[in-house]
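Chains as they are written, first to last, in this note's numbering: chain A, 19 to 229; chain L, 21 to 239. All C-beta atoms, glycine included, are put in the ideal place defined by N, C-alpha and C. Everything on this sheet refers to the single structure shown next.
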């Protein structure tokens, strides 16, 4: 039986070029689908009812506002704020710490003292924040927690929350909150969107390696 | 049956490839194990090789780059107070899109407040440039100031991974100038630069700097 004729290098190159051309032509829908697949959690309007919504005092304003909106909508009866680190200018008395800014924000939004709680101290990283949330949730018999976060950060938050909260019988639900700096539908077109996505790839790898 | 068994046995060529594959795999595993065991040493070595940290000498000014009010401005105050720099310079940064109606960015205002807090007199500080938006703009503003003031030495403290790019940028902008720009390292809040890999912000800064280097190479 005659052996099969080996594929010609020219033909292979043509196939490769055609594939690359197809990828280039379809890069917009592909990158959009990739971003959608990366983001974890329902849209804020589809958030399930929960025992509390947890947000860092250091979160971006739109994320913090979303926590307030979830409380206002009755989706979560309590807002738990993790105390973010004080900056050198705060310690020098030059600026007001973010925690104090957030306290005033809640006052202005009409969130009563009974519906809010500040937990932890000097939290700088998500990896420091999650054990504080776990300790609080465990002593407060919490079953379901809402965790609003920037869209691309939701995967890392969800990963760490599943790892630390789910074994205790809690159900963490991340809520992606879009910001003004980039749109999920065209994230690759702005420097902020590109950096946000790339930084999250790197940080997720770092978290998986270290935590 | 016998024929197919003979056909299935590896040829001398494929056996040779297999031996190579096994050898390369063993070497790879050994190298990975050695790299893992010695990671602290080479990660520390890497940052020492990367970072530009020039010895401080008496300078005409210390320049606070934007984006570092929380640490670079404190370092500038220290250098000024210890007599290393006669003047403290800081940039007039363009307000961001979230600061509508502002004449100057919050960052510039904050640097000014830090200098006020440390009672740096008006004669010993100066806002330079106009509506800067990048390190490149800042260094261009610094060159203009240095030319006007006939400065001999200027110190620019910055975070560790940024030092190399900053030194290259200063080298390009100060070509033919009599002013020397000394780049020094200052610890960002939260971690020591010598142990950058232990902190996620250190790790992120490192890979962001690599990314910027790659992007700049393609510009």
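According to DSSP, simplified to helix, strand and coil, what is residue i?
i	result
residue 239/A	Not covered by the structure: residue 239/A. The range shown for chain A is 19 to 229.
residue 26/L	Below a pLDDT of 50, predicted positions are generally treated as unreliable, and residue 26/L, at 49, falls in that range; no measurement from the model is reported.
residue 82/A	helix
residue 137/L	helix
residue 200/A	coil
residue 21/L	Since pLDDT at residue 21/L reaches only 44, below the 50 mark, its modelled position is unreliable, and no value is offered.
residue 132/L	helix
residue 139/A	strand
residue 156/L	helix
residue 26/A	coil
residue 145/A	helix
residue 34/A	helix
residue 127/L	helix
residue 226/A	helix
residue 233/L	helix
residue 151/A	helix
residue 117/L	coil
residue 51/A	helix
residue 44/A	coil
residue 61/A	coil
residue 183/A	coil
residue 238/L	coil
residue 208/A	coil
residue 19/A	Model confidence at residue 19/A stands at a pLDDT of 46, short of 50, so the residue's coordinates are unreliable and nothing is read from them.
residue 39/A	helix
By DSSP's criteria, residue i is part of a beta bridge. Which residues make up the other side?
i	result
residue 94/L	Residue 94/L pairs with nothing; no bridge assigned.
residue 110/L	147/L
residue 175/A	Partner(s): none; residue 175/A has no beta bridge.
residue 70/A	163/A
residue 216/A	Its beta-bridge partners do not exist; DSSP assigns none.
residue 189/A	162/A
residue 194/A	167/A
residue 134/A	97/A
When the Cα of residue i is compared with those of the options, which residue comes out closest?
i	options	result
residue 183/L	233/L, 125/L, 150/L	233/L
residue 77/A	35/A, 194/A, 225/A	194/A
residue 229/A	175/L, 148/L, 220/L, 44/L	220/L
residue 96/A	134/A, 128/A, 106/A	134/A
residue 143/A	160/A, 159/A, 103/A, 109/A	103/A
residue 214/L	159/L, 90/L, 87/L, 179/L	179/L
residue 124/A	184/A, 73/A, 64/A	73/A
residue 95/L	138/L, 62/L, 154/L	138/L
residue 153/L	111/L, 205/L, 31/L	111/L
residue 248/A	29/A, 214/A, 61/A, 114/A	Outside the displayed span of chain A (19 to 229) sits residue 248/A, for which this structure offers no information.
residue 188/A	156/A, 141/A, 30/A, 40/A	156/A
residue 198/A	47/A, 110/A, 80/A	80/A
residue 176/A	117/A, 128/A, 225/A, 137/A	225/A
residue 227/L	117/L, 66/L, 76/L, 93/L	66/L
residue 181/L	150/L, 69/L, 127/L, 140/L	69/L
residue 92/A	63/A, 43/A, 46/A	63/A
residue 157/L	186/L, 175/L, 136/L, 172/L	186/L
residue 289/L	97/L, 103/L, 100/L, 151/L	This structure cannot speak to residue 289/L, because chain L is shown only from 21 to 239.
Which runs of the alpha helix (DSSP H), 4 residues or longer, sit entirely within the stretch 163–230 of chain L? 182–193
So, do the stretch 169–181 of chain A and the stretch 190–207 of chain L have three or more beta carbon pairs nearer to each other than 8 Å? The stretch 169–181 of chain A vs the stretch 190–207 of chain L: no contact.
May I have a chain-ordered list of the alpha helix (DSSP H) segments no shorter than 4 residues that lie completely inside the stretch 75–131 of chain A? As far as the stretch 75–131 of chain A is concerned, its whole alpha helix (DSSP H) runs of at least 4 residues are 79–90, 106–109, 116–127.
Jot down the residue ranges of each uninterrupted beta strand (DSSP E) in the stretch 24–105 of chain L, minimum 3 residues, whole runs only, in chain order. 79–83
Per the contact definition of three or more C-beta pairs closer than 8 Å, is the stretch 146–153 of chain A in contact with the stretch 77–90 of chain A? no
Do the stretch 143–152 of chain L and the stretch 100–108 of chain L make contact, defined as three or more Cβ pairs closer than 8 Å? yes
Answer yes if the stretch 152–172 of chain L comes into contact with the stretch 193–205 of chain L, meaning at least three C-beta pairs across the two stretches below 8 Å, and no otherwise. By the Cβ criterion, the stretch 193–205 of chain L is in contact with the stretch 152–172 of chain L, since at least three pairs of Cβ atoms, one from each stretch, lie closer than 8 Å.
So does the stretch 120–137 of chain L actually touch the stretch 82–94 of chain L, counting three or more Cβ pairs closer than 8 Å? yes
Would the stretch 63–77 of chain A count as touching the stretch 155–170 of chain A if we require 3 or more Cβ pairs under 8 Å? yes
Between the stretch 193–211 of chain A and the stretch 39–57 of chain A, are three or more C-beta pairs nearer than 8 Å? yes
Stretch pair the stretch 218–225 of chain A + the stretch 170–177 of chain A: three plus CB contacts closer than 8 Å: yes
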